[in-house]
Amino acid sequence: MPSTREDFWNLSSYAVIGDSSGGRKFPQLTYKGLKRLGKTVFPVDPGASEVEGDRTYADLASLPQPVEAAVLEVAKQDAARWMDTIVAAGIPNVWVHQSTETPEAINKAEGAHIRCEHGTCAVMYVTPGFTGHSFHRWVMKLAKKY
1 MPSTREDFWN
11 LSSYAVIGDS
21 SGGRKFPQLT
31 YKGLKRLGKT
41 VFPVDPGASE
51 VEGDRTYADL
61 ASLPQPVEAA
71 VLEVAKQDAA
81 RWMDTIVAAG
91 IPNVWVHQST
101 ETPEAINKAE
111 GAHIRCEHGT
121 CAVMYVTPGF
131 TGHSFHRWVM
141 KLAKKY
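Now the structure itself:
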């Protein structure tokens with residue numbers, strides 16, 4: 001039986017949220033991993049016009065269709081503000097990447113009754129096989145935190 005974290009990746013559509021305008025790189029590994037898994041995935045990045053040759057969207061309101069989940073990988077200081085937009089967009093599931101999570105962002109998701117996964121790296125779930133993240137995946141499974 002898959003864990004709730006594994007189950008999160010069984011949805012069909014995702015918005016991957018990054019913000020390269022602050023000097024951070026867009027979360028390309030998560031984005032490419034979801035695409036390789038055959039998911040419908042939209043890059044949301046107000047600081048770039050394209051990611052991996054695909055058009056980006058400046059915000060969630062610009063997406064061409066609703067999504068089942070959002071993956072939030074922005075700077076910590078921006079996490080709560082982005083969570084407000086996730087709540088406003090009515091997205092029922094969110095993954096807050098381990099370097100993004102803040103108590104305020106998590107509390108906003110939980111207060112809005114959004115399924116909120118956090119505390120670990122999204123990439124180890126979307127890159128099957130032997131990768132740099134497979135060791136991380138193995139350790140997390142061993143520790144029963146996968």
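The numbering used here numbers the first residue of the sequence shown as 1 and each following residue consecutively.
C-beta: ideal position from N, C-alpha, C; glycine also.
*Roughly how many angstroms lie between the CA atoms of Ala61 and Ile17, to the nearest whole one?*
Reading the sequence shown from its first residue, position 61 is the one you call residue 61. Reading the sequence shown from its first residue, position 17 is the one you call residue 17. Straight-line Cα distance between these residues: approximately 13 angstroms.
*asked:* Tell me the rounded alpha-carbon separation between Ala88 and Lys25.
replied: On the sequence shown, position 88 is the one that residue 88 refers to. On the sequence shown, position 25 is the one that residue 25 refers to. So the alpha carbons of these two residues sit roughly 25 angstroms apart.
*Leu29 versus Asp19: straight-line alpha-carbon distance, rounded*: Residue 29 sits at position 29 when you count from the first residue of the sequence shown. Residue 19 sits at position 19 when you count from the first residue of the sequence shown. Between Leu29 and Asp19, the C-alpha separation is close to 14 angstroms.
*asked:* I'd like the ranges of any beta strand (DSSP E) spanning at least 3 consecutive residues and lying wholly in the segment 45-92.
replied: 69-72
*asked:* If I measure Cβ to Cβ from Glu117 and keep anything under 6 angstroms in the same chain, skipping five residues before and after, which residues do I get?
replied: Working through the sequence shown from its first residue, we reach residue 117 at position 117. Answer for Glu117: Arg5, Phe8, Trp95, listed in chain order.
_Tell me the rounded alpha-carbon separation between Phe42 and Val74._
Walking along the sequence shown from the start, residue 42 turns up at place 42. Walking along the sequence shown from the start, residue 74 turns up at place 74. Phe42 and Val74: Cα-Cα distance of roughly 15 angstroms.
*Going straight from the alpha carbon of Ala58 to that of Asp45, what length do you get?*
Against the sequence shown, residue 58 aligns to sequence position 58. Against the sequence shown, residue 45 aligns to sequence position 45. Answer to the nearest angstrom: the Cα atoms are 5 angstroms apart.
_Cβ-Cβ distance between Asn147 and Ala69 below 8 angstroms_ = Coverage of the chain is limited to positions 1 through 146, which leaves residue 147 absent and any answer about it impossible.
_Inter-residue Cα distance where the pair is Ile114 and Gln65_ = Counting from one through the sequence shown, the residue named residue 114 turns up at place 114. Counting from one through the sequence shown, the residue named residue 65 turns up at place 65. C-alpha separation (whole angstroms): 19 angstroms.
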